[in-house]
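So the structure is just underneath, and the comments pick up after that.
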Amino acid sequence: MQQSQSLQQPHEPGRSKRQWGMFLLLTASLSLLWLVILPRAAEIPQLRSDIDFLEQKKIDPTAMFYSDLETIEDTVQNIRNFHQENPHALW
Numbered sequence: 307m308q309q310s311q312s313l314q315q316p317h318e319p320g321r322s323k324r325q326w327g328m329f330l331l332l333t334a335s336l337s338l339l340w341l342v343i344l345p346r347a348a349e350i351p352q353l354r355s356d357i358d359f360l361e362q363k364k365i366d367p368t369a370m371f372y373s374d375l376e377t378i379e380d381t382v383q384n385i386r387n388f389h390q391e392n393p394h395a396l397w
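Counting along the sequence shown from 1, when you hit position 7 you're at 313 in our numbering, and nothing is skipped either side.
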């Protein structure tokens, strides 16, 4: 029984305050990143042009799966055509 008691950590009064402080600091940092830094970064000309390109092509950058892109059928057909014309190319 003494052994199980020695394995348990004694409760430190300041530990809980430190944990809450770290949690609040992390939450504030993520909020600053999400609500201030990323929106400002989206206004950088190069990033803005990339965002506009994705919006024009109706590409959802949060789900960049090739099966989700509207143009996948054209791409698959282009690959098939290439392989028919060049059967020994690449693989």
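From the three backbone atoms N, C-alpha and C, an ideal C-beta is built for every residue, glycine too.
Rounded straight-line distance, which links the Cα of residue j to that of residue i
i	j	result
Thr368	Gln383	25 angstroms
Leu360	Gln352	13 angstroms
Arg386	Asp358	30 angstroms
Ala348	His394	44 angstroms
Ile338	Met328	As written in the sequence, residue 338 is Leu, which differs from the Ile given in the question. Whole-angstrom Cα-Cα distance: 15 angstroms.
Ile365	Leu341	23 angstroms
Lys323	Thr333	15 angstroms
Per-residue DSSP class, three states only, for residue i
i	result
Lys323	helix
Ala395	coil
Ile385	helix
Residue from the options whose Cα sits closest to the Cα of residue i
i	options	result
Lys363	Ile350, Leu332 and Ile378	Ile378
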